[in-house]
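This note's numbering puts the first residue of the sequence shown at 2, with every later residue one more than the last. The beta-carbon is built from N, C-alpha and C at its ideal position, and this holds for glycine as well. Shown next, in structure tokens, is the structure this report addresses.
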Amino acid sequence: MVRFFRRKKGAEEAPEAAEADAPEAVEAPEADAPEAVEAPAAEEVPKSVEQAVERTRRTWFSRIGGMFRRGLDDELWAELEETLIAADTGVETTVKLLENLKERVKEEGIRDPEQAQEALREELLSILDVDSRLGRLWGPASADPSAELSERSIGVRNADRTGATTGLRIGGAAQDGGAEFPKPAVVLVVGVNGTGKTTSIGKLAHAYQQEGRKVLLAAADTFRAAAIDQLKQWGERAGVDVIAHKQGGDPAAVVFDSLSAAESRDVDVLIIDTAGRLHTKVNLMEEMRKVNRIIQRKVPDGPHEVLLVLDATSGQNALHQAKYFTEALGVTGILLAKLDGTAKGGVVFAICDQLRIPVRFVGTGEKAGDLANFEPKQFVDALFA
Ligand SMILES: Nc1nc2c(ncn2[C@@H]2O[C@H](COP(=O)(O)OP(=O)(O)OP(=O)(O)O)[C@@H](O)[C@H]2O)c(=O)[nH]1
Ligand SMILES: [Mg+2]
């Protein structure tokens with residue numbers, strides 16, 4: 002699937018002064034003044050998921066067909082195990098997967114290599130089938146009536162969310178009228194340092210902006226001045242405002258200000274960037290919980306999504322990080338960044354199997370358009386293409 006981006010609408014707003022109701026003992030937010038900036042390289046063709054998993058396919062999965070053709074014996078199972086683990090599928094997940102597969106081959110009396118390989122694809126797909134209705138923005142837009150019911154019960158829209166211009170399903174596409182899109186929708190983005198949080202926020206901001214949603218970004222990663230500048234740059238490129246304080250400021254105060262600004266500026270989507278590490282005396286999880294509390298004080302049903310950004314190139318480490326964030330913060334979705342940068346895309350199976358949290362997006366490059374929804378079938382097909 003190749004998606005094209007159109008040039009963004011030239012609807013940049015004059016920045017406003019920061020809100021007056023900031024808590025005391027907080028520095029006045031800096032004026033965040035995106036000037037008229039050139040549109041991002043919007044005509045570039047974004048990298049597709051197929052391109053992003055090409056290395057994983059070529060390095061590992063392309064061998065699998067040959068293995069099956071040599072016969073369904075112990076050697077096959079051993080080779081498969083080795084290959085899947087090498088592709089970062091994780092020992093636990095791989096062992097479970099192969100046990101299920103062997104059992105199926107036995108029970109169904111499968112002798113045909115092609116049929117056996119098809120069974121492997123099905124088993125891989127079933128691992129990715131995380132039936133999760135977590136979060137308010139990115140849940141499945143299913144035609145299944147039972148899904149419709151449970152979605153309604155937690156207040157999630159069940160409309161077609163395909164973006165009008167980006168092709169991304171990011172919730173509340175303009176053509177839906179957005180009746181049940183929470184306003185402002187609050188997305189809290191978390192993850193350890195360097196995973197791709199700020200870049201991914203830039204991509205999401207760009208996508209929402211393309212759909213005609215008014216976006217505001219909050220620079221609650223106050224750990225490094227460069228982090229604030231980086232978010233501002235993405236804000237400029239996407240043509241959206243950024244609320245920022247100075248380096249070393251209280252992240253919760255930035256969040257507080259951004260929530261006030263979101264209200265007064267009639268913002269549709271507020272996306273909050275957070276630090277992946279802090280000065281040693283502050284516990285990162287405590288800080289994140291505090292940010293969460295501030296959000297809930299102003300937006301009782303928020304944050305509507307807690308997006309954990311994982312780095313696909315960090316393999317099984319990504320999983321350890323994920324566990325620690327999900328336990329502390331109630332993560333509702335995962336964005337797997339840098340899928341294009343690894344030959345070990347099998348990590349997606351380990352993540353889905355072990356966390357049972359939906360992977361909503363994958364990062365396929367460093368550009369604004371290099372973001373795709375994660376579609377299990379498309380992903381497995383790309384691995385075996
Ligand atoms: N190839 C590729 N690179 C990416 C992707 N997403 C992010 N990056 C790169 O990864 C690096 C780190 O990204 P950041 O967005 O700064 O990561 P971060 O999590 O905000 O980092 P900290 O603010 O230090 O915690 C940058 O060089 C990005 O360009 C992706 O999907 N593909
Ligand atoms: Mg960052």
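- When the five nearest sequence neighbours on each side are left out, the beta carbons in the same chain lying within less than 8 Å of the beta carbon of residue 103 are those of 78, in order along the chain.
- Relative to ligand 1, the nearest heavy atom lies less than 7 Å away from the CB of residue 367.
- Non-local beta-carbon contacts of residue 95 in its own chain, meaning distances under 7 Å to residues more than five positions away in sequence, involve 82, 85 and 86 in chain order.
- Secondary structure of residue 312 (DSSP, three-state): strand.
- Here residue 307 really is in contact with residue 331; their C-beta atoms are around 6 Å apart, less than 8 Å.
- With 5 Å as the limit between CB and the heavy atoms of ligand 2, the residues that fall short of it are 198, 199 and 228.
- Measuring C-alpha to C-alpha distances from residue 326 to each of 136, 338 and 310 identifies 310 as the nearest.
- Below 8 Å, too few C-beta pairs join the segment 343-358 and the segment 103-121 to call them touching: fewer than three.
- The segment 246-257 makes no contact with the segment 316-323; the number of CB pairs closer than 8 Å stays below 3.
- CA-to-CA, the gap between residue 182 and residue 305 works out to about 10 Å.
- Between residue 172 and residue 115, the alpha-carbon positions lie close to 38 Å from each other.
- In the DSSP assignment, residue 255 falls within the unbroken alpha helix (DSSP H) covering 252-265.
- Following the DSSP letters along the chain, one finds residue 57 inside the alpha helix (DSSP H) bounded by residues 55-60.
- With a threshold of 7 Å, the Cβ atom of residue 383 does not count as near ligand 1, since no heavy atom of the ligand is closer than that.
- When the beta-carbon positions are compared, residue 219 and residue 274 come within less than 8 Å of each other.
- In this chain, the beta strand (DSSP E) harbouring residue 275 covers 270-275.
- Counting C-beta atoms within 10 angstroms of its own C-beta, residue 360 has 16 or more neighbours from the protein chains shown and is therefore classed as buried.
- Taking C-alpha positions only, residue 301 is separated from residue 190 by approximately 18 Å.
- Only residues of its own chain outside the window of five on either side were considered, and among them 277, 310, 311, 312 and 338 have a CB closer than 7 Å to the CB of residue 196, listed in chain order.
- Bounds of the beta strand (DSSP E) holding residue 190 are 186-191.
- In the three-state DSSP reduction, residue 351 falls in the helix class (H, G or I).
- In the three-state reduction of the DSSP assignment, residue 93 falls in the helix class.
- Cβ neighbours of residue 357 within its own chain (closer than 7 Å, five residues either side excluded): 131 and 133.
- For residue 339, the distance from the CB to the nearest heavy atom of ligand 1 is below 7 Å.
- Annotated as distal: residue 225 and residue 269, with beta-carbon spacing of 8 Å or more.
- A straight-line Cα-Cα distance of about 22 Å links residue 293 and residue 200.
- Its chain contains 47, 48, 204, 341, 364 and 365 as the residues whose beta carbon lies nearer than 8 Å to that of residue 371, once the 5 sequence neighbours on both sides are disregarded; these appear in chain order.
- In the structure shown, residue 242 falls within a strand segment according to DSSP collapsed to helix, strand and coil.
- Classified as buried, residue 193 has 16 or more neighbouring CB atoms from the shown chains inside 10 Å of its CB.
- For residue 99, the CB contacts under 7 Å within the same chain, skipping 5 residues up- and downstream, are 78, 81 and 82 in chain order.
- In its chain, beyond the 5 residues on either side, 383 have a beta carbon closer than 6 Å to the beta carbon of residue 51.
- Taken in chain order, the complete alpha helix (DSSP H) segments of 4 residues or longer contained in the segment 98-146 are 114-129.
- DSSP places residue 284 in no beta strand (DSSP E); its state is neither H nor E.
- If you check the C-beta of residue 310 against ligand 1, you find a heavy atom less than 7 Å away.
- Taking the Cβ of residue 194 as the reference point, at least one heavy atom of ligand 1 falls within a distance shorter than 7 Å.
- At a threshold of 7 Å, residue 210 does not count as near ligand 1, since its beta carbon sits no closer than that to any of the ligand's heavy atoms.
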